[in-house]
Amino acid sequence: MNYYSTNHSAPLATLQEAVVKGLAPDKGLYMPEKIAQLPQKFFDEIGSFGLTDIAKVVADSFFGEDIPKEKLDEIVSDTLNFEIPLVKVEEGIYVLELFHGPTFAFKDVGARFMARMLSYFVKEQQQDDVKVLVATSGDTGSAVANGFLGVDGIQVFVLYPSGKVSDIQEAQFTTLGQNIVALEIDGTFDDCQALVKSAFMDEELNLQMNLTSANSINVARFLPQSFYYFHAYAQLAKQNLADNVVISVPSGNLGNLTAGLFAKRIGLPVKHFIAANNRNDVFWEYLQSGKYSPRHSVQTIANAMDVGAPSNFDRILDLYNHSHENISKDISGYRYSDDEIKSAIKRIYKKSNYLLDPHGACAYLALKESRKANEAGVFLATAHPSKFKETVENCIGKPVEIPEGLRAFMKEKKQSYPLTNSFERFKKIIRNY
Ligand SMILES: *Cc1c(COP(=O)(O)O)cnc(C)c1O
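Sequential numbering of the sequence shown, starting at 303, is according to the working numbering.
Here is the structure:
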């Protein structure tokens, strides 16, 4: 299947080209040319399928033309080596726990899938070595670094804003060594993202090497995130609760939400999506007014959503033919301050004995505010609460246990290159590696 650019002035790309390039040459984002509907039979039976079986069917609809079935099934099974449970929090409200992977955040799904797909191209499709650039506000870096760790032919550079990610997040991508290099940028997440974008636009660099992105602009990262929307639906269907499903997504770069919209487009019967923002409310504002005004991000306690210019916004526009009316039919927006998020964490813990991280809590609030009595509400918990230990402990007034898998990262030595927000120095480092 071919991929076109949202800017419509780049040649069509194969899957391999789209994954290796990341961004299209006209700076647009790649979109699949065809979106095939899944058969009704699949949805009639979905309640009896497990996560991996569901994901294999969905992966086949996106990537089946381009990757042999056995290989694709193997990539899917290797990616999903952890559970994604749906847990009831209160009447009509369920949480999809996306944080049981190796770095305790939902990005493990997309990052692990992309690493395996890229490794397939390098090993079996004569693809030359690739350098992966990833800007992170926290969880992307850890998921990508761990997903790609030790993969031959792939060198990973993680750019993160100094002092603006939590200690646990930082430990997960600065302690790995091998093919993972952490660049600690004196600036914001948007500065990191801008450096990465400049590298992709730099002719000289791109003549010398294959650079790709592992941010959710990459089709191999954002599309596989649709798997777990089907899985959430299946878990409701199993209990005959799958009428009027609404799903609330804590949103930053909008990769996760866009994957949900693709799930709906290929047939998943979701009635409505909810985009939950923190104070970085550019998308909320667009939904209200039809005006899109990207701006600098501000820092919040849900820092993985501190995005001022969401990179997947253009995908949503493209998917809906730029119709604000149709976008607003499928998605409604809510936004919350740090104080509102904090009191939600406290309240839910007290009332339901369920501990949320700030991102999940933001999505909970949006679902709670919008849900109608006949709706089955699902919100996505994108990170384990202990990844935001201090914030969460302050909310509930109790110590929070860090799982052993996370503690292990904290024991290793940090290695990072401090860098000013200068493209020339950044370029030199990528070239010399
Ligand atoms: C990345 C991230 C988000 C935002 O996801 P997008 O796909 O960028 O919208 C939300 N929560 C957590 C914990 C994240 O790491």
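Using N, Cα and C, we set each Cβ at its ideal position, and we do this for glycine too.
- If you ignore the 5 residues before and after Glu714, its C-beta comes within less than 6 Å of the C-beta of Thr477, all in its own chain and listed in chain order.
- Annotation for His661 indicates a beta carbon within 7 Å of some heavy atom of ligand 1.
- Pairing Lys700 with Ile356, the inter-Cα distance amounts to about 39 Å.
- Going by C-alpha positions, Ser688 is about 13 Å away from Asp441.
- Relative to ligand 1, the beta carbon of Pro552 is positioned inside 7 Å of a heavy atom.
- Shortest gap from the CB of Leu485 to any heavy atom of ligand 1: 7 Å or more.
- Here the C-alpha atom of Tyr651 lies approximately 11 Å from the C-alpha atom of Glu695.
- Look at the beta carbons and you see the segment 521-539 touching the segment 403-416: at least three pairs across the two are nearer than 8 Å.
- Assigned with DSSP and collapsed to three states, Met712 falls in helix.
- Comparing alpha-carbon positions, the option among Asn448, Lys499, Gln342 lying closest to Lys329 turns out to be Lys499.
- DSSP places Gln342 in the uninterrupted alpha helix (DSSP H) bounded by 342-347.
- Per the coordinates, the alpha-carbon of Arg581 lies some 36 Å from the alpha-carbon of Leu317.
- Straight across, the Cα-Cα distance linking Leu388 with Leu543 is about 12 Å.
- The segment 495-575 contains, as complete beta strand (DSSP E) runs of 3+ residues, the segments 512-515, 547-552 (chain order).
- About 14 Å separates the CB atoms of Gly662 and Ala577; that is not less than 8 Å, and the two are not in contact.
- Ser307: member of the beta strand (DSSP E) spanning 305-307, first to last residue.
- The beta carbon of Gly569 sits closer than 7 Å to those of Gln339, Leu340, Phe345, all from its chain and outside the five residues before and after it, given in chain order.
- Annotation for Tyr588: no beta strand (DSSP E) segment contains it, though the alpha helix (DSSP H) segment containing it runs 584-591.
- Assigned with DSSP and collapsed to three states, Lys336 falls in coil, not helix or strand.
- Distance between Ser599 and Phe728, taken at the CA atoms: about 22 Å.
- Here Gly465 is exposed: its Cβ has fewer than 16 other Cβ atoms, across all protein chains shown, within 10 Å.
- In terms of CA proximity to Gly610, Thr490 leads the group Asp375, Gly443, Thr490, Leu563.
- Checking the DSSP bridge columns, you'll see Gln457 partnered with Lys433.
- Counting other Cβ atoms within 10 Å of its Cβ, Thr722 stays below 16 and is therefore classed as exposed.
- In the three-state DSSP reduction, Leu420 falls in the helix class (H, G or I).
- Contact check for Ala407 against Ala685 passes: the beta carbons are separated by less than 8 Å.
- With a cutoff of 8 Å on beta-carbon distance, Val547 and Val572 are scored as near each other.
- For Met607, the shortest separation between its Cβ and any heavy atom of ligand 1 lies below 7 Å.
- Distance from the CA of Ile348 to the CA of Ile698, rounded to the nearest whole angstrom, comes to 38 Å.
- Bounds of any beta strand (DSSP E) do not take in Gly662; it lies within the alpha helix (DSSP H) bounded by 660-672.
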